[in-house]
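Here's the structure, in structure tokens; my notes come after.
There are 2 protein chains.
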Amino acid sequence: MTQLEDFVERARLARLATVDERGSPHVVPIVFVYVDGIVYTPIDLKPKAVPARGLRRVRNIEANPRVQVLVDRYDEDWNRLAYVQLRGRAELIEGGEKYDRSLRLLEEKYPQYATLPLAGRPVIRIAVERMVSWGDFSP
Amino acid sequence: MTQLEDFVERARLARLATVDERGSPHVVPIVFVYVDGIVYTPIDLKPKAVPARGLRRVRNIEANPRVQVLVDRYDEDWNRLAYVQLRGRAELIEGGEKYDRSLRLLEEKYPQYATLPLAGRPVIRIAVERMVSWGDFSP
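First to last, the protein sequences are chains Y and Z. Under our numbering, the first residue of the first sequence carries the number 37, and numbering increases by one thereafter. Under our numbering, the first residue of the second sequence carries the number 37, and numbering increases by one thereafter.
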């Protein structure tokens, strides 16, 4: 794993940008795992009242699968600022081997899922096509 | 100032999402100030080699002024997660009263600018039309 990939995978939070059907951007914080060029993020940080498919990010992805994930680091020492943009294509997965694996990886990374079961929740799978980075990535 | 606005203004970093001419999203971390429904963010976190007008975020805004700014809070206690989306229209300003004021506000918020002069750098001004929030905003 490269230093960049390590920086991405260790981040606790990222941001997912999508575009709606009128061409407006939409960006939300996400928990996620990154493995082998793929970002997985579950649909789980929203009021239970909204069905997954009604979520703005899901509707956007269905209309336009091009997304960008941002992982960044802020530090009051601006020499240590850094960010990585992961550009790729997103799809919703709800079952199968990749889906099951993504749930296991999310549960390993986030102990919070021990009491907040992921089973049955759709996952956004993003195949990363390009990574663009800026800044200092030393730990 | 509302609790939401206070949460926004106190954040040290936000993320700015724009859309490029092909309809793909773009998102970068930004330093910023928020005052009276306006977000100001300077063009300054990039290699000096790129002229401001050549920056992706600037070209995107000129083609499509609809942007979204995200301010969020992560905490390992997920009951404390929170975010605010600020949806609005962006324009580049390079002089005048609003420009001068934005530089003063940025210098007040970020002591880093004492040694990293802002004078002459363009500023993105975003008139916020809508704020959408989620989570717990208690300090």
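We put the beta carbon where it would ideally sit given N, CA and C, even for glycine.
According to the DSSP assignment, Tyr76 of chain Z belongs to the beta strand (DSSP E) that extends over Ile74 to Pro78.
At a beta-carbon threshold of 9 Å, the residues of chain Y lying near Gly59 of chain Z are Val55, Gly59, Asn100 and Arg102, ordered along the chain.
Judged by DSSP secondary structure, Glu165 of chain Y falls outside any alpha helix (DSSP H) and instead within the beta strand (DSSP E) spanning Val159 to Gly171. Under the three-state reduction of DSSP, Ala150 of chain Y is assigned to helix.
If you draw a 10 Å sphere on the C-beta of Ala53 of chain Z, you find 16 or more other C-beta atoms in it, and that means buried. C-alpha of Val103 of chain Z to C-alpha of His62 of chain Z: approximately 10 Å in a straight line. By the neighbour-count criterion, in which 16 or more other beta carbons inside 10 Å mark a residue as buried, Pro65 of chain Z falls on the buried side.
In the displayed model, Leu52 of chain Y falls within a strand according to three-state DSSP. Take the alpha-carbon of Ile74 of chain Y and the one of Ala163 of chain Y: they are about 5 Å apart. Ala99 of chain Z sits in a helix when the DSSP states are folded into three classes. For the segment 42-53 of chain Y, the set of residues with a beta-carbon nearer than 8 Å to any beta-carbon of chain Z comprises Arg48, Leu49, Arg51 and Ala53, in chain order. For Tyr119 of chain Y, the chain Z residues whose C-beta falls within less than 8 Å of its own C-beta are Val64 and Pro65, listed in chain order.
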